[in-house]
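Student: Under the numbering used here, residues 898 to 1228 are what the sequence shown spells out, in order.
My questions will all concern the structure given below.
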Amino acid sequence: MIKDYDCKLDLYETEVAIKKIKDYFERTLAYELNLTRVSAPLYVRRSSGLNDDLSGSERPVIFDTKWDKGEEFQIIHSLAKWKRMALKRYNFPNHSGLYTDMNAIRRDEDLDNIHSMYVDQWDWELTIKKEERNMTTLKAIVKEIYRALRKTEEYILREYPIFEKKLPHDITFITSQELENLYPELTPKEREDQIAKIHKAVFISQIGKTLESGKKHDGRAPDYDDWNLNGDILVWNPVLGHALELSSMGVRVDEETLDAQLKISGLEERKKLTFHKALLNGELPYTVGGGIGQSRICMFFLEKLHIGEVQASVWPEEMVEEYAKIGAHFL
898 MIKDYDCKLD
908 LYETEVAIKK
918 IKDYFERTLA
928 YELNLTRVSA
938 PLYVRRSSGL
948 NDDLSGSERP
958 VIFDTKWDKG
968 EEFQIIHSLA
978 KWKRMALKRY
988 NFPNHSGLYT
998 DMNAIRRDED
1008 LDNIHSMYVD
1018 QWDWELTIKK
1028 EERNMTTLKA
1038 IVKEIYRALR
1048 KTEEYILREY
1058 PIFEKKLPHD
1068 ITFITSQELE
1078 NLYPELTPKE
1088 REDQIAKIHK
1098 AVFISQIGKT
1108 LESGKKHDGR
1118 APDYDDWNLN
1128 GDILVWNPVL
1138 GHALELSSMG
1148 VRVDEETLDA
1158 QLKISGLEER
1168 KKLTFHKALL
1178 NGELPYTVGG
1188 GIGQSRICMF
1198 FLEKLHIGEV
1208 QASVWPEEMV
1218 EEYAKIGAHF
1228 L
(Lines of atoms letter the chains of each structure in order from A and count residues from 1; the text may use other names and numbers.)
(Lines give C-alpha, C1' and ligand atoms only; values in the text may rest on other atoms or scores of the structure.)
Protein backbone atom coordinates (compact mmCIF):
# COMPACT_ATOMS: atom_id res chain seq x y z
CA MET A 1 0.00 0.00 0.00
CA ILE A 2 1.32 3.43 -0.98
CA LYS A 3 1.23 5.68 2.09
CA ASP A 4 2.14 9.04 0.56
CA TYR A 5 -0.53 9.05 -2.16
CA ASP A 6 -1.29 12.51 -3.57
CA CYS A 7 -4.86 12.62 -4.87
CA LYS A 8 -4.89 15.76 -7.00
CA LEU A 9 -8.66 15.98 -7.69
CA ASP A 10 -11.64 15.61 -5.36
CA LEU A 11 -14.65 13.49 -6.27
CA TYR A 12 -16.50 16.23 -8.15
CA GLU A 13 -13.40 17.37 -10.02
CA THR A 14 -12.65 13.76 -10.89
CA GLU A 15 -16.07 13.22 -12.46
CA VAL A 16 -15.62 16.35 -14.58
CA ALA A 17 -12.17 15.22 -15.69
CA ILE A 18 -13.39 11.72 -16.55
CA LYS A 19 -15.96 13.20 -18.93
CA LYS A 20 -13.32 15.37 -20.58
CA ILE A 21 -10.96 12.45 -21.12
CA LYS A 22 -13.61 10.11 -22.49
CA ASP A 23 -15.11 12.66 -24.85
CA TYR A 24 -11.74 13.77 -26.22
CA PHE A 25 -10.24 10.31 -26.63
CA GLU A 26 -13.38 8.87 -28.22
CA ARG A 27 -13.47 11.59 -30.87
CA THR A 28 -9.75 11.31 -31.52
CA LEU A 29 -9.82 7.52 -31.81
CA ALA A 30 -12.74 7.65 -34.26
CA TYR A 31 -10.83 10.16 -36.40
CA GLU A 32 -7.54 8.23 -36.36
CA LEU A 33 -9.10 4.87 -37.31
CA ASN A 34 -12.07 6.07 -39.42
CA LEU A 35 -14.66 4.62 -37.03
CA THR A 36 -18.41 5.18 -36.66
CA ARG A 37 -20.12 4.80 -33.30
CA VAL A 38 -22.80 2.08 -33.08
CA SER A 39 -25.04 0.61 -30.39
CA ALA A 40 -24.09 -2.76 -28.95
CA PRO A 41 -25.72 -5.47 -26.81
CA LEU A 42 -25.19 -6.03 -23.11
CA TYR A 43 -26.00 -9.75 -23.47
CA VAL A 44 -26.21 -12.39 -26.20
CA ARG A 45 -27.76 -15.81 -26.65
CA ARG A 46 -25.50 -18.56 -25.35
CA SER A 47 -26.13 -20.65 -28.48
CA SER A 48 -24.85 -17.88 -30.77
CA GLY A 49 -21.21 -18.38 -29.81
CA LEU A 50 -20.79 -14.60 -29.87
CA ASN A 51 -19.55 -14.18 -26.31
CA ASP A 52 -15.83 -13.96 -25.71
CA ASP A 53 -14.47 -16.42 -23.16
CA LEU A 54 -11.24 -14.41 -22.73
CA SER A 55 -8.54 -16.79 -21.49
CA GLY A 56 -11.02 -19.66 -21.38
CA SER A 57 -11.63 -19.95 -17.63
CA GLU A 58 -13.85 -16.94 -16.83
CA ARG A 59 -17.52 -17.73 -16.16
CA PRO A 60 -20.08 -15.39 -17.73
CA VAL A 61 -23.14 -14.17 -15.86
CA ILE A 62 -26.02 -16.31 -17.20
CA PHE A 63 -29.77 -15.75 -16.94
CA ASP A 64 -33.01 -16.87 -18.57
CA THR A 65 -36.20 -15.02 -19.47
CA LYS A 66 -39.90 -15.72 -19.11
CA TRP A 67 -40.45 -15.39 -22.87
CA ASP A 68 -37.73 -17.85 -23.98
CA LYS A 69 -37.23 -20.42 -21.27
CA GLY A 70 -35.44 -22.78 -23.64
CA GLU A 71 -32.53 -20.37 -24.12
CA GLU A 72 -29.87 -18.98 -21.79
CA PHE A 73 -28.44 -15.50 -22.15
CA GLN A 74 -24.93 -14.37 -21.23
CA ILE A 75 -23.70 -10.95 -20.14
CA ILE A 76 -20.90 -10.26 -22.60
CA HIS A 77 -17.23 -10.43 -21.64
CA SER A 78 -16.31 -8.47 -24.77
CA LEU A 79 -17.73 -7.84 -28.23
CA ALA A 80 -14.87 -9.26 -30.30
CA LYS A 81 -17.11 -11.61 -32.31
CA TRP A 82 -20.27 -9.50 -32.33
CA LYS A 83 -18.43 -6.57 -33.92
CA ARG A 84 -17.32 -8.69 -36.85
CA MET A 85 -20.87 -9.82 -37.49
CA ALA A 86 -22.04 -6.20 -37.22
CA LEU A 87 -19.52 -4.99 -39.82
CA LYS A 88 -20.99 -7.47 -42.30
CA ARG A 89 -24.61 -6.72 -41.43
CA TYR A 90 -24.15 -2.95 -41.66
CA ASN A 91 -22.13 -3.21 -44.92
CA PHE A 92 -19.12 -1.23 -43.71
CA PRO A 93 -16.74 -0.47 -46.61
CA ASN A 94 -13.13 -1.58 -46.50
CA HIS A 95 -10.77 0.39 -44.21
CA SER A 96 -13.69 1.75 -42.18
CA GLY A 97 -15.06 0.44 -38.94
CA LEU A 98 -17.14 0.79 -35.81
CA TYR A 99 -16.66 1.48 -32.14
CA THR A 100 -18.99 1.23 -29.19
CA ASP A 101 -19.18 1.51 -25.43
CA MET A 102 -18.78 -1.99 -24.01
CA ASN A 103 -19.88 -2.66 -20.44
CA ALA A 104 -19.41 -6.09 -18.93
CA ILE A 105 -19.47 -8.01 -15.66
CA ARG A 106 -16.52 -10.30 -15.02
CA ARG A 107 -17.56 -12.23 -11.94
CA ASP A 108 -14.31 -14.18 -11.56
CA GLU A 109 -11.99 -11.16 -11.57
CA ASP A 110 -9.50 -10.95 -8.71
CA LEU A 111 -10.03 -7.42 -7.37
CA ASP A 112 -7.08 -5.09 -6.90
CA ASN A 113 -5.91 -1.61 -7.94
CA ILE A 114 -6.52 -2.19 -11.65
CA HIS A 115 -9.05 -5.04 -11.77
CA SER A 116 -12.79 -4.64 -11.20
CA MET A 117 -15.81 -6.86 -11.79
CA TYR A 118 -17.20 -3.99 -13.86
CA VAL A 119 -15.51 -3.52 -17.22
CA ASP A 120 -15.96 -0.40 -19.33
CA GLN A 121 -14.06 -0.07 -22.57
CA TRP A 122 -14.28 1.14 -26.13
CA ASP A 123 -14.61 -1.89 -28.37
CA TRP A 124 -13.61 -1.17 -31.97
CA GLU A 125 -13.36 -3.17 -35.20
CA LEU A 126 -11.96 -2.22 -38.61
CA THR A 127 -12.35 -3.98 -41.96
CA ILE A 128 -9.21 -4.93 -43.89
CA LYS A 129 -8.32 -7.03 -46.93
CA LYS A 130 -7.14 -10.60 -46.45
CA GLU A 131 -3.69 -9.73 -47.79
CA GLU A 132 -3.46 -7.03 -45.10
CA ARG A 133 -3.55 -9.62 -42.33
CA ASN A 134 0.06 -9.06 -41.33
CA MET A 135 2.29 -7.43 -38.74
CA THR A 136 2.72 -4.29 -40.86
CA THR A 137 -1.01 -3.58 -40.65
CA LEU A 138 -1.11 -4.33 -36.93
CA LYS A 139 1.81 -2.04 -36.11
CA ALA A 140 0.35 0.81 -38.18
CA ILE A 141 -2.93 0.63 -36.25
CA VAL A 142 -1.13 0.42 -32.91
CA LYS A 143 0.67 3.65 -33.82
CA GLU A 144 -2.63 5.34 -34.67
CA ILE A 145 -4.14 4.33 -31.33
CA TYR A 146 -1.01 5.48 -29.55
CA ARG A 147 -1.23 8.82 -31.36
CA ALA A 148 -4.77 9.20 -30.00
CA LEU A 149 -3.45 8.49 -26.49
CA ARG A 150 -0.69 11.08 -26.84
CA LYS A 151 -3.10 13.71 -28.14
CA THR A 152 -5.38 13.00 -25.18
CA GLU A 153 -2.49 13.39 -22.75
CA GLU A 154 -1.55 16.72 -24.32
CA TYR A 155 -5.16 17.90 -23.96
CA ILE A 156 -5.39 16.84 -20.31
CA LEU A 157 -2.09 18.54 -19.50
CA ARG A 158 -3.46 21.77 -20.95
CA GLU A 159 -6.62 21.40 -18.88
CA TYR A 160 -4.83 20.23 -15.73
CA PRO A 161 -1.18 21.39 -15.53
CA ILE A 162 -0.91 19.67 -12.12
CA PHE A 163 -0.37 16.32 -13.86
CA GLU A 164 2.91 15.00 -15.26
CA LYS A 165 3.67 14.00 -18.85
CA LYS A 166 4.10 10.22 -18.87
CA LEU A 167 4.00 9.04 -22.49
CA PRO A 168 7.12 8.99 -24.72
CA HIS A 169 6.93 10.17 -28.32
CA ASP A 170 7.04 6.63 -29.75
CA ILE A 171 5.77 3.24 -28.63
CA THR A 172 8.21 0.28 -28.54
CA PHE A 173 7.36 -3.03 -30.23
CA ILE A 174 8.48 -6.42 -28.93
CA THR A 175 7.17 -9.98 -29.31
CA SER A 176 6.37 -12.16 -26.32
CA GLN A 177 9.20 -14.52 -27.37
CA GLU A 178 11.71 -11.68 -27.59
CA LEU A 179 10.59 -10.58 -24.15
CA GLU A 180 11.04 -14.08 -22.75
CA ASN A 181 14.51 -14.24 -24.31
CA LEU A 182 15.41 -10.94 -22.61
CA TYR A 183 14.17 -11.97 -19.16
CA PRO A 184 13.91 -15.80 -19.04
CA GLU A 185 14.15 -15.85 -15.25
CA LEU A 186 11.15 -13.54 -14.75
CA THR A 187 7.42 -14.27 -14.82
CA PRO A 188 5.38 -12.79 -17.71
CA LYS A 189 4.06 -9.98 -15.48
CA GLU A 190 7.54 -9.21 -14.18
CA ARG A 191 8.76 -9.03 -17.78
CA GLU A 192 5.99 -6.58 -18.60
CA ASP A 193 6.98 -4.40 -15.65
CA GLN A 194 10.63 -4.46 -16.65
CA ILE A 195 10.12 -3.56 -20.32
CA ALA A 196 7.48 -0.91 -19.52
CA LYS A 197 9.71 0.72 -16.92
CA ILE A 198 12.49 1.05 -19.51
CA HIS A 199 10.47 2.22 -22.52
CA LYS A 200 7.38 3.76 -20.80
CA ALA A 201 5.05 2.58 -23.62
CA VAL A 202 5.29 -0.83 -25.27
CA PHE A 203 3.28 -3.15 -27.52
CA ILE A 204 3.84 -6.82 -26.68
CA SER A 205 2.74 -8.98 -29.61
CA GLN A 206 1.98 -12.66 -30.26
CA ILE A 207 0.09 -13.43 -27.07
CA GLY A 208 -1.68 -16.77 -26.70
CA LYS A 209 0.85 -18.93 -28.54
CA THR A 210 3.19 -21.31 -26.69
CA LEU A 211 6.69 -19.91 -26.21
CA GLU A 212 9.99 -21.78 -26.48
CA SER A 213 9.86 -22.36 -22.72
CA GLY A 214 6.69 -24.38 -23.22
CA LYS A 215 4.61 -21.73 -21.46
CA LYS A 216 2.36 -18.90 -22.72
CA HIS A 217 2.91 -15.23 -21.99
CA ASP A 218 -0.83 -15.01 -21.34
CA GLY A 219 -4.00 -16.81 -22.37
CA ARG A 220 -6.16 -15.84 -25.35
CA ALA A 221 -9.33 -17.46 -26.64
CA PRO A 222 -8.71 -19.30 -29.94
CA ASP A 223 -11.59 -17.86 -31.93
CA TYR A 224 -11.09 -14.12 -32.22
CA ASP A 225 -7.40 -13.03 -32.35
CA ASP A 226 -4.75 -14.60 -34.55
CA TRP A 227 -2.13 -15.52 -31.93
CA ASN A 228 0.65 -14.47 -34.31
CA LEU A 229 -0.92 -11.08 -35.04
CA ASN A 230 -2.19 -9.70 -31.74
CA GLY A 231 -0.90 -7.94 -28.64
CA ASP A 232 -1.33 -5.53 -25.74
CA ILE A 233 -0.50 -1.84 -25.32
CA LEU A 234 1.15 -1.29 -21.94
CA VAL A 235 2.40 1.90 -20.30
CA TRP A 236 4.50 2.50 -17.22
CA ASN A 237 2.35 3.75 -14.36
CA PRO A 238 4.54 5.75 -11.96
CA VAL A 239 1.83 5.99 -9.32
CA LEU A 240 1.53 2.21 -9.03
CA GLY A 241 5.12 1.45 -9.93
CA HIS A 242 4.26 -1.20 -12.51
CA ALA A 243 3.01 -1.69 -16.07
CA LEU A 244 -0.60 -0.89 -16.87
CA GLU A 245 -2.35 -2.57 -19.82
CA LEU A 246 -4.54 -0.05 -21.65
CA SER A 247 -5.56 -2.07 -24.69
CA SER A 248 -5.74 -5.61 -26.03
CA MET A 249 -6.13 -5.99 -29.79
CA GLY A 250 -5.26 -8.02 -32.85
CA VAL A 251 -5.87 -9.11 -36.41
CA ARG A 252 -8.82 -11.47 -36.24
CA VAL A 253 -8.70 -15.12 -37.21
CA ASP A 254 -9.43 -16.13 -40.79
CA GLU A 255 -10.82 -19.53 -41.81
CA GLU A 256 -7.49 -21.34 -41.63
CA THR A 257 -6.33 -19.74 -38.39
CA LEU A 258 -9.64 -20.39 -36.63
CA ASP A 259 -9.53 -24.06 -37.62
CA ALA A 260 -5.92 -24.43 -36.46
CA GLN A 261 -6.37 -22.61 -33.12
CA LEU A 262 -9.53 -24.53 -32.27
CA LYS A 263 -7.62 -27.78 -32.84
CA ILE A 264 -4.72 -26.64 -30.65
CA SER A 265 -7.16 -25.68 -27.89
CA GLY A 266 -9.23 -28.85 -28.15
CA LEU A 267 -12.37 -26.80 -28.85
CA GLU A 268 -13.39 -28.03 -32.29
CA GLU A 269 -16.99 -28.45 -31.12
CA ARG A 270 -17.33 -24.66 -31.45
CA LYS A 271 -17.41 -25.07 -35.22
CA LYS A 272 -21.13 -25.84 -34.82
CA LEU A 273 -21.90 -22.39 -33.37
CA THR A 274 -23.44 -19.64 -35.50
CA PHE A 275 -20.43 -17.30 -35.52
CA HIS A 276 -17.90 -20.02 -36.18
CA LYS A 277 -19.88 -21.56 -39.02
CA ALA A 278 -20.23 -18.18 -40.72
CA LEU A 279 -16.50 -17.50 -40.40
CA LEU A 280 -15.44 -20.94 -41.65
CA ASN A 281 -17.79 -20.56 -44.62
CA GLY A 282 -16.08 -17.30 -45.61
CA GLU A 283 -19.15 -15.19 -44.86
CA LEU A 284 -17.51 -12.61 -42.58
CA PRO A 285 -15.14 -9.74 -43.44
CA TYR A 286 -11.48 -9.82 -42.49
CA THR A 287 -10.91 -7.43 -39.62
CA VAL A 288 -8.63 -6.09 -36.94
CA GLY A 289 -10.03 -4.92 -33.63
CA GLY A 290 -9.71 -4.65 -29.90
CA GLY A 291 -10.74 -3.04 -26.67
CA ILE A 292 -9.40 0.05 -24.90
CA GLY A 293 -10.05 0.42 -21.19
CA GLN A 294 -11.98 3.59 -20.36
CA SER A 295 -11.39 3.53 -16.62
CA ARG A 296 -7.76 2.53 -17.05
CA ILE A 297 -7.07 5.47 -19.33
CA CYS A 298 -8.74 7.81 -16.85
CA MET A 299 -6.84 6.25 -13.97
CA PHE A 300 -3.55 6.68 -15.82
CA PHE A 301 -3.99 10.28 -16.94
CA LEU A 302 -5.53 11.43 -13.65
CA GLU A 303 -2.77 9.67 -11.66
CA LYS A 304 -5.18 7.67 -9.52
CA LEU A 305 -4.06 4.90 -7.19
CA HIS A 306 -7.12 2.65 -7.59
CA ILE A 307 -9.52 2.03 -10.46
CA GLY A 308 -12.38 2.47 -7.98
CA GLU A 309 -11.56 6.20 -7.99
CA VAL A 310 -12.68 6.51 -11.62
CA GLN A 311 -15.56 4.01 -11.90
CA ALA A 312 -18.61 3.08 -9.83
CA SER A 313 -18.42 -0.60 -8.92
CA VAL A 314 -18.69 -2.89 -5.89
CA TRP A 315 -15.70 -3.53 -3.64
CA PRO A 316 -15.00 -5.33 -0.34
CA GLU A 317 -15.74 -2.93 2.49
CA GLU A 318 -12.30 -3.40 4.00
CA MET A 319 -10.73 -2.33 0.68
CA VAL A 320 -12.87 0.81 0.52
CA GLU A 321 -11.96 1.74 4.10
CA GLU A 322 -8.26 0.97 3.68
CA TYR A 323 -7.88 3.21 0.64
CA ALA A 324 -9.99 5.99 2.13
CA LYS A 325 -7.45 6.29 4.95
CA ILE A 326 -4.79 7.46 2.48
CA GLY A 327 -7.09 9.74 0.49
CA ALA A 328 -8.22 7.38 -2.30
CA HIS A 329 -12.00 7.75 -2.28
CA PHE A 330 -14.04 5.44 -4.51
CA LEU A 331 -16.90 6.64 -6.72
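Don't be surprised by glycine CBs; every beta carbon is placed ideally from N, CA and C.
Hey, quick one: how far does the beta strand (DSSP E) through Thr1024 stretch, first residue to last?
Tutor: The residue given as residue 1024 occupies position 127 in the sequence shown. Where Thr1024 is concerned, the enclosing beta strand (DSSP E) stretches over 1015-1025.
Student: Apart from the five residues on each side of it in sequence, which residues of its chain come closer than 7 Å, Cβ to Cβ, to Trp1211?
Tutor: By one-based count along the sequence shown, residue 1211 stands at place 314. It should be pointed out that residue 1211 corresponds to Val in this sequence rather than to Trp. If we look at Val1211 and ignore the five residues flanking it on each side, its Cβ neighbours are Met1014.
Student: Where does Phe960 land, buried or exposed, given buried means 16+ other C-beta within 10 angstroms?
Tutor: Along the sequence shown, one-based indexing puts residue 960 at 63. It counts as exposed.
Student: The alpha helix (DSSP H) spanning Ile1204 covers which residue range?
Tutor: Start at 1 with the first residue of the sequence shown, and residue 1204 comes out as number 307. Segment: none, Ile1204 is in no alpha helix (DSSP H) and carries neither H nor E.
Student: His1139 lies in the alpha helix (DSSP H); which residues open and close that run?
Tutor: The residue you call residue 1139 lines up with position 242 of the sequence shown. Not the alpha helix (DSSP H): His1139 falls in the beta strand (DSSP E), residues 1139-1149.
Student: Quick one: complete beta strand (DSSP E) runs, 3+ long, within the segment 1032-1114?
Tutor: Counting whole runs of 3 or more residues, the segment 1032-1114 contains the beta strand (DSSP E) stretches 1069-1072, 1098-1102.
Student: Give me the Cα-Cα distance between Phe1227 and Lys1027, rounded to the nearest whole angstrom.
Tutor: Reading the sequence shown from its first residue, position 330 is the one you call residue 1227. Reading the sequence shown from its first residue, position 130 is the one you call residue 1027. Distance between the alpha carbons of Phe1227 and Lys1027: 45 Å.
Student: Output needed for His1139: all residues of its chain with C-beta closer than 6 Å, excluding positions within five of it in sequence on either side, in chain order.
Tutor: Counting from 1 along the sequence shown, the entry for residue 1139 is found at position 242. Result list for His1139: Asp1090, in chain order.
Student: With distances taken between CB atoms, is the gap from Asn1134 to Gln1103 smaller than 7 Å?
Tutor: Taking the sequence shown and counting its residues from 1, the one referred to as residue 1134 is at position 237. Taking the sequence shown and counting its residues from 1, the one referred to as residue 1103 is at position 206. No. Outside cutoff.
Student: Would you report the Cα separation of Lys1063 and Leu1046, rounded to the nearest angstrom?
Tutor: Looking up residue 1063 in the sequence shown gives position 166. Looking up residue 1046 in the sequence shown gives position 149. For Lys1063 and Leu1046, the distance between alpha carbons rounds to 11 Å.
Student: According to DSSP, simplified to helix, strand and coil, what is Tyr1183?
Tutor: As a first step, residue 1183 is located in the sequence shown; it is residue number 286 there, counting from the start. Strand.
Student: Could you spell out where the beta strand (DSSP E) holding Ala1001 opens and where it closes?
Tutor: Counting from 1 along the sequence shown, the entry for residue 1001 is found at position 104. 994-1002 is the extent of the beta strand (DSSP E) around Ala1001.
Student: Is the Cβ-Cβ distance between Glu1051 and Leu930 less than 7 Å?
Tutor: Looking up residue 1051 in the sequence shown gives position 154. Looking up residue 930 in the sequence shown gives position 33. No, they are not a contact pair.
Student: If you reduce the DSSP assignment to three classes, tell me which class Thr1171 lands in.
Tutor: For the purposes of this step, residue 1171 is taken as the residue at position 274 of the sequence shown. Reduced to three states, the DSSP call for Thr1171 is helix.
Student: How about Thr1069 and Val1099: are their beta carbons less than 7 Å apart?
Tutor: By 1-based counting over the sequence shown, the position of residue 1069 is 172. By 1-based counting over the sequence shown, the position of residue 1099 is 202. Going by C-beta atoms, Thr1069 is nearer than 7 Å to Val1099.
Student: Within this structure, are the beta carbons of Ser1110 and Asp1129 separated by less than 7 Å?
Tutor: The residue you call residue 1110 lines up with position 213 of the sequence shown. The residue you call residue 1129 lines up with position 232 of the sequence shown. No, the Cβ-Cβ distance between Ser1110 and Asp1129 is not below 7 Å.
Student: Check whether the segment 1152-1162 and the segment 1191-1208 are in contact - that is, three or more C-beta pairs closer than 8 Å.
Tutor: Cβ pair count under 8 Å is below three, so no.
Student: Leaving out five residues on either side along the sequence, give the residues of the same chain with a beta carbon under 8 Å from the beta carbon of Val1217.
Tutor: Residue 1217 sits at position 320 when you count from the first residue of the sequence shown. Excluding positions up to five away in sequence, the list reads Gly1205, Phe1227.
Student: In whole angstroms, what is the alpha-carbon distance linking His1012 and Gln971?
Tutor: Taking the first residue of the sequence shown as 1, we reach residue 1012 at position 115. Taking the first residue of the sequence shown as 1, we reach residue 971 at position 74. Taking the straight line joining both Cα atoms gives about 21 Å.
Student: By the three-class DSSP mapping on this structure, what secondary structure does Ile1161 have?
Tutor: The count along the sequence shown starts at 1 and reaches residue 1161 at position 264. The answer is helix: DSSP assigns Ile1161 an H, G or I state.
Student: Considering only residues of the same chain and omitting the five flanking positions on each side of Thr1171, which have a CB-CB separation below 6 Å?
Tutor: Locating residue 1171 in the sequence shown gives position 274, where the first residue counts as 1. Taken in chain order, the residues that qualify are Ser945, Gly946.
Student: In whole angstroms, give me the CA-to-CA distance for Val1148 and Arg924.
Tutor: Here residue 1148 is taken as the residue at index 251 of the sequence shown, counted from 1. Here residue 924 is taken as the residue at index 27 of the sequence shown, counted from 1. Each residue's alpha carbon lies about 23 Å from the other.
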